[in-house]
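**Student:** Pasting a structure here, questions to come.
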Amino acid sequence: MTGAAGSGGGVVAAGATGSAGAEPIGAPAVPAPVAARQDEVVVLDYGGQYSQLIARRVRECGVFSELLPHHVGIEEIRRRAPKGLILSGGPASVYADGAPALDPELLELGIPVLGICYGMQAMVHRLGGRVESAAVGEFGRSQLTVREHGTLLADLPAEQSCWMSHRDTVYAPPPGSVALASSTESPVAAFEDVERGIYGIQFHPEVVHTPYGTQILTRFLEDVCGCDMAWNAASVAEEQIRRIREQVGDGKVVCGLSGGVDSSVAALLVHRAIGDQLTCVFVDHGLMRKGEGEQVISAFRDHFKVPLVAVDAEERFLARLAGVTEPEAKRKAIGAEFIRVFEEEAARLGDADYLVQGTLYSDVIESGGGTGAATIKSHHNVGGLPDDLEFELVEPLRSLFKDEVRKVGIELGLPERLVWRQPFPGPGLGIRIVGGEVTKERLEILRDADFVLQEEIRSAGLYRELWQSFCVLPGDLRTVGVQGDERTYGYVVVVRAVTSDDAMTADWARLPYDLLERVASRMINEIRQVNRVVLDITSKPPGTIEWE
Ligand code: XMP
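Last residue of the sequence shown: 585 in the working numbering, with the numbers rising by one and none dropped.
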């Protein structure tokens, strides 16, 4: 959760953890482990709610980590040669039919293994300890009492809180191992067997409600696994640049730049790797926010000197949208036109063999667990290209979470405005003029209103706390107003601002009243056609973030 409090009132956040990003297209190249030259710890996913978070925390500690399905196969793990293994939690009981089994070979790889929650129970069960269903489950905050510090809990206070989520409980650790801690309902909440290299904790070190969680993970990674804790955004950039050179050789590469952080960072990495073998194509469909097209062009062409074809296709898109009022028809029209323009430009560039795609690690996980063997969802959005384009994909962000992409962007010198840009839908303002046709006049009104909103939100210091903030223009709707003693009949602007972690769920942002007042009065004063401003206070669900 991103519980956020801004200056001057702040905003309240809601939503689940995770991340969203542009979905990839086409068949992915099977990724070799990115960590070829850096220490890696593999997290095996037994279905836990927080599994992805474990990999993120390990990375935050400075060790590269990927989440793989628990059934990935011992050969794949050997191939990666990790320095350690973490077995995640999961919803099953070790006694349930069909509970994910622990492959005993995992414990014989000669590397340390840390079991968390279900991962711990599965190890204990397999190694002859005692796991039983407790009369009382332990869900939420619990009190941990450290009895022996051992290696794993070194330097921890004797008492601390931790986060638990389990019904089965460990009553006796495997023979030969040492019970380290207990909790309110768990006689054995942590154990270790240093000689065999097995470690277990019943609680979740990856969640913020376990205040010493990161310290425990660090003990495991540094002292137990002996990892070099040097992984960071800079090392990612170097590694990816090397890999792009290997993949592309002296081939020609094309990249569709949208102005979003993913395609921007992907393009910059590829440009660092192969210079002018890369050409970026930026299709300005006339549905962008104010000044956005210029920002992209000035950053890439003028500042980074990346070969860039900027296509001003506003007229084409407007012509295509004339008379279209139904939301899905708008999306389809914009999508189809986008592909046509991109294909024309790519054809003009001649013999490009490779296409850069800003696929993120969360897309990879969502679509099958990161083994590289999964079918990737096809992209239905504008900015996505059909999978029959004959390009080999270059996907330099495939192993990164969104926050890491931003760090790489900063590392590469991408302007802050682009690094922190809020998500923006591919069809742009085209899906924010609702209940009516998209026309040039309406786009201009919406762009001006949006500009006022963004300016006020930025100057209140709230921009980064919001998942998205934007305006909607109900196209055919006019309402009566009175301005300068005259009756007006003008447009209504809807202000929408939401907090979210992944766009799956969202809450309406509690923007400060004085900010809202400034926004409304500026919009009405500065935009002649607008005489009313309203605020959308719907969360998702039941609403969606966009109106169409
Ligand atoms: P909803 O409106 O479904 O949106 O809550 C969730 C997230 O997806 C974005 N969105 C789109 N992005 N093409 C896109 O590229 C689209 O057609 C589209 N529709 C919604 C939306 O802005 C939010 O971040």
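Heads up, the beta-carbon is just placed ideally off N, CA and C, and yes, glycines get one too.
Between which residues of its own chain and Val-445 is the CB-CB distance below 6 Å, once the five residues before and five after are set aside?
**Tutor:** Within the sequence shown, the letter at position 408 stands for residue 445. For Val-445, where only same-chain residues beyond five positions count, the Cβ hits under 6 Å are Ala-270, Val-273, Ala-274, Val-302.
**Student:** My guess is that Glu-185 and Val-215 are in contact by the Cβ rule of under 8 Å, so how many angstroms apart are they, rounded?
**Tutor:** As a position in the sequence shown, residue 185 is number 148, starting the count at 1. As a position in the sequence shown, residue 215 is number 178, starting the count at 1. Yes, Glu-185 and Val-215 are in contact; Cβ-Cβ is about 6 Å, under 8 Å.
**Student:** Taking one C-beta from the segment 275–291 and one from the segment 244–254 each time, how about it: are there three or more such pairs within less than 8 Å?
**Tutor:** Taking 8 Å as the limit for Cβ pairs, the verdict is that the segment 244–254 does not touch the segment 275–291.
**Student:** How many angstroms separate the CA atom of Leu-164 from the CA atom of Glu-432?
**Tutor:** What you label residue 164 is simply residue 127 of the sequence shown in a count that begins at 1. What you label residue 432 is simply residue 395 of the sequence shown in a count that begins at 1. So the alpha carbons of these two residues sit roughly 41 Å apart.
**Student:** Apply the 10 Å Cβ neighbour rule to Phe-176 and answer buried if 16 or more other Cβ atoms are within range, or exposed otherwise.
**Tutor:** Residue numbering aside, residue 176 sits at position 139 when the sequence shown is read from its first letter. Burial call: exposed.
**Student:** Taking all protein chains shown into account, decide if Thr-182 is buried (16 or more other Cβ within 10 angstroms of its Cβ) or exposed.
**Tutor:** Against the sequence shown, residue 182 aligns to sequence position 145. By the 10 Å Cβ count, Thr-182 comes out exposed.
**Student:** Quick one: residues in its chain with C-beta nearer than 8 Å to the C-beta of Val-571, no 5 flanking neighbours on either side, listed in chain order?
**Tutor:** The count along the sequence shown starts at 1 and reaches residue 571 at position 534. Correct list, in chain order: Val-529, Val-530, Val-531, Val-532.
**Student:** Within 7 Å: the Cβ of Thr-581 and any heavy atom of the ligand XMP?
**Tutor:** The residue labelled residue 581 in the question sits at position 544 within the sequence shown. Yes - the ligand XMP has a heavy atom lying nearer than 7 Å to the Cβ of Thr-581.
**Student:** Within 7 Å: the Cβ of Gln-505 and any heavy atom of the ligand XMP?
**Tutor:** Residue mapping note: residue 505 aligns to position 468 of the sequence shown, counting from 1. For the ligand XMP, at least one heavy atom lies less than 7 Å from the Cβ of Gln-505.
**Student:** Evaluate contact between the segment 358–365 and the segment 466–482, counting only Cβ atoms and requiring at least three cross-stretch pairs below 8 Å.
**Tutor:** They touch, by the three-pair rule.
**Student:** Whole angstroms is fine: what's the gap from Leu-151's alpha carbon to Ala-133's?
**Tutor:** Sequence index remark: in the sequence shown, residue 151 carries index 114 (1-based). Sequence index remark: in the sequence shown, residue 133 carries index 96 (1-based). So the two alpha carbons sit approximately 22 Å from each other.
**Student:** Taking only the alpha-carbon atoms, compute the straight-line gap between Pro-462 and Leu-146 and give it to the nearest angstrom.
**Tutor:** Within the sequence shown, numbered from 1, the residue matching residue 462 stands at position 425. Within the sequence shown, numbered from 1, the residue matching residue 146 stands at position 109. Distance between the alpha carbons of Pro-462 and Leu-146 is about 46 Å.
**Student:** Lys-367: beta carbon under 7 Å from a heavy atom of the ligand XMP?
**Tutor:** What you label residue 367 is simply residue 330 of the sequence shown in a count that begins at 1. Lys-367: no, Cβ never under 7 Å from the ligand XMP.
**Student:** Comparing alpha-carbon positions, which option in Ala-486, Thr-536, Val-519 lies nearest Val-556?
**Tutor:** In the sequence shown, residue 556 corresponds to position 519, counting from 1. If we check each option's Cα against that of Val-556, Ala-486 comes out closest.
**Student:** Is any heavy atom of the ligand XMP found at a distance shorter than 7 Å from the C-beta of Gly-463?
**Tutor:** Start at 1 with the first residue of the sequence shown, and residue 463 comes out as number 426. For the ligand XMP, at least one heavy atom lies less than 7 Å from the Cβ of Gly-463.
**Student:** Please return the same chain residues whose Cβ sits closer than 6 Å to the Cβ of Gly-121, not counting the five positions on each side in sequence.
**Tutor:** The sequence position of residue 121 within the sequence shown is 84, counting from 1. Val-78, Ile-148, Pro-149, Cys-262.
**Student:** Taking 8 Å as the cut-off, decide whether the C-beta atoms of Ile-574 and Asn-568 are in contact.
**Tutor:** Mapped onto the sequence shown, residue 574 falls at position 537. Mapped onto the sequence shown, residue 568 falls at position 531. The answer is no: Cβ separation not under 8 Å.
**Student:** Can you give the Cα-Cα distance for Lys-369 and Ala-226, rounded to whole angstroms?
**Tutor:** Indexing the sequence shown from 1 puts residue 369 at position 332. Indexing the sequence shown from 1 puts residue 226 at position 189. Roughly 54 Å separates the two Cα atoms.
**Student:** Between which two residues does the beta strand (DSSP E) carrying Leu-358 extend?
**Tutor:** Position 321 of the sequence shown, counted from the first residue, corresponds to residue 358. Where Leu-358 is concerned, there is no enclosing beta strand (DSSP E), although the alpha helix (DSSP H) it sits in stretches over 351–358.
**Student:** Among the candidates Thr-188, Glu-232, Val-343, Pro-242, whose CA atom is the shortest distance from the CA of Leu-294?
**Tutor:** Looking up residue 294 in the sequence shown gives position 257. Ranking the options by Cα distance to Leu-294, first place goes to Val-343.
**Student:** For a quick check, are the C-beta atoms of Gly-518 and Leu-324 less than 8 Å apart?
**Tutor:** As a position in the sequence shown, residue 518 is number 481, starting the count at 1. As a position in the sequence shown, residue 324 is number 287, starting the count at 1. Contact flag unset, no.
**Student:** Which residues share a DSSP beta bridge with Ala-216?
**Tutor:** Along the sequence shown, one-based indexing puts residue 216 at 179. In the DSSP output, where bridge partners are listed per residue, Ala-216 has Phe-228.
**Student:** If you draw a straight line from the alpha carbon of Tyr-155 to that of Ala-209, how long is it in whole angstroms?
**Tutor:** Here residue 155 refers to the residue found at position 118 when the sequence shown is read from its first residue. Here residue 209 refers to the residue found at position 172 when the sequence shown is read from its first residue. Going by the C-alpha atoms only, they are around 15 Å apart.
**Student:** Flag Ala-540 as yes when its Cβ comes closer than 7 Å to any non-hydrogen atom of the ligand XMP, and as no otherwise.
**Tutor:** Residue numbering aside, residue 540 sits at position 503 when the sequence shown is read from its first letter. Correct: Ala-540 has its Cβ closer than 7 Å to the ligand XMP.
**Student:** Phe-507 lies in the beta strand (DSSP E); which residues open and close that run?
**Tutor:** The residue you call residue 507 lines up with position 470 of the sequence shown. Run containing Phe-507: 505–511, per the beta strand (DSSP E) assignment.
**Student:** Below 8 Å on the Cβ atoms is my contact criterion, and I expect Ile-494 with Leu-503 to pass it. Report the Cβ-Cβ distance as a whole number of Å.
**Tutor:** For this step, residue 494 is matched to residue 457 along the sequence shown. For this step, residue 503 is matched to residue 466 along the sequence shown. Confirmed, about 7 Å.
**Student:** Helix, strand or coil for Ser-415, going by three-state DSSP, please let me know.
**Tutor:** In the sequence shown, residue 415 corresponds to position 378, counting from 1. For Ser-415, the predicted model reports a pLDDT of 33, less than 50, meaning its position is unreliable and no value from the coordinates is stated.
**Student:** DSSP three-state label for Arg-326, please.
**Tutor:** Along the sequence shown, read from residue 1 onward, the residue named residue 326 stands at position 289. Residue state, collapsed to three classes: coil.
**Student:** For Tyr-249, does the three-state DSSP call read helix, strand or coil?
**Tutor:** By one-based count along the sequence shown, residue 249 stands at place 212. It is coil, neither helix nor strand.
**Student:** I'd like the span of the beta strand (DSSP E) that includes Val-489, first residue to last.
**Tutor:** Your numbering for residue 489 matches position 452 in the sequence shown. Counting along the chain, Val-489 falls outside any beta strand (DSSP E), though it belongs to the alpha helix (DSSP H) covering 477–496.
**Student:** Relative to the C-alpha of Ile-564, which candidate in Ala-543, Leu-480, Gln-505, Val-442 has its C-alpha closest?
**Tutor:** Start at 1 with the first residue of the sequence shown, and residue 564 comes out as number 527. Considering only alpha carbons, the answer is Leu-480.
**Student:** How would you call Ile-153, buried or exposed, if buried means at least 16 neighbouring beta carbons within 10 angstroms?
**Tutor:** Residue numbering aside, residue 153 sits at position 116 when the sequence shown is read from its first letter. Ile-153 comes out buried.
**Student:** Once DSSP output is grouped into helix, strand and coil, what is the label at Arg-167?
**Tutor:** Here residue 167 is taken as the residue at index 130 of the sequence shown, counted from 1. Three-state DSSP puts Arg-167 in a strand.
**Student:** For a test of the three-state rule: what should DSSP assign to Thr-255, helix, strand or coil?
**Tutor:** By 1-based counting over the sequence shown, the position of residue 255 is 218. Helix, per DSSP.
**Student:** Any heavy atom of the ligand XMP within a distance shorter than 7 Å of the CB on Pro-460?
**Tutor:** Within the sequence shown, the letter at position 423 stands for residue 460. Result yes, Cβ under 7 Å from the ligand XMP.
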